[in-house]
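Participant: Residue numbers (this note's numbering): 1 to 155.
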Amino acid sequence: MAIKTNFTKDDVKARLDAFLDEIQRKQIARLQQLGEMCLIEARTNKGYMMQTGALLSSTGYQVFVDGIAIHSKFEAASGAQSDAAAKGVNAGQTVADAIGKETKGVCLVVVAGMNYATYVEAKGKNVLTSAEHLAERELPRMLEKLISNIKRAAE
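1. Using the Cβ count rule (16 or more neighbours within 10 Å means buried), how would you classify Tyr61?
2. Have a look at Glu132, Asp66 and Leu34 and flag the residue whose alpha-carbon is nearest the alpha-carbon of Ala112.
3. Work out the CA separation of Lys4 and Asp97 for me, nearest whole Å.
4. Check whether the stretch 34 to 49 touches the stretch 83 to 95, counting contact only when three or more Cβ pairs, one atom from each stretch, lie closer than 8 Å.
5. Distance check for Met142 and Asp21, CA to CA, integer angstroms please.
6. What does DSSP give as the partner residues of Val109 in its beta bridges?
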């Protein structure tokens, strides 16, 4: 007596595609969470005195999938001058777009978009350094947890 399958190759492919889509959704969610953590860190522990609010407003993040932005968080800093805040938000989004459009896979881009951000950092003031250190600590933990969840789901 022969064994007869009750599924097709297309059924297997659809199931694997759905599994991979779910993994990508989880990656995106983790990167959004990390982006929020980095943004809070950069804004809370800024090492400079806000003058107009442009620099702080230019600080934000975007999540990209194969060069396409699927999530973005840039907002005017509280207490910022409205024109400076708008300029900062626009500058941050422009820099993040320029970096992110060149990426492959799922990617998080955290920026301070004003052209003088590196100057402020060079003066020893924190703009994104603490957020970068936070990401370096947290990303491996987040990925390890995601990997263990994937392994459990695949069993």
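By construction, the Cβ of each residue, glycine as well, lies at the ideal position given by its N, Cα and C atoms.
Just so it is clear, the structure is predicted and the values come from calculations on it, not from any experiment.
Facilitator: In terms of the structure at hand:
1. For the purposes of this step, residue 61 is taken as the residue at position 61 of the sequence shown. Buried, since its Cβ has 16 or more Cβ neighbours within 10 Å.
2. The count along the sequence shown starts at 1 and reaches residue 112 at position 112. Of the listed residues, the one whose Cα sits closest to Ala112 is Glu132.
3. Taking the first residue of the sequence shown as position 1, residue 97 is located at position 97. Taking the first residue of the sequence shown as position 1, residue 4 is located at position 4. So the two alpha carbons sit approximately 52 Å from each other.
4. no
5. For the purposes of this step, residue 21 is identified with residue 21 of the sequence shown, where counting begins at 1. For the purposes of this step, residue 142 is identified with residue 142 of the sequence shown, where counting begins at 1. One C-alpha to the other measures close to 18 Å.
6. Taking the sequence shown and counting its residues from 1, the one referred to as residue 109 is at position 109. Partner(s): Gln62.
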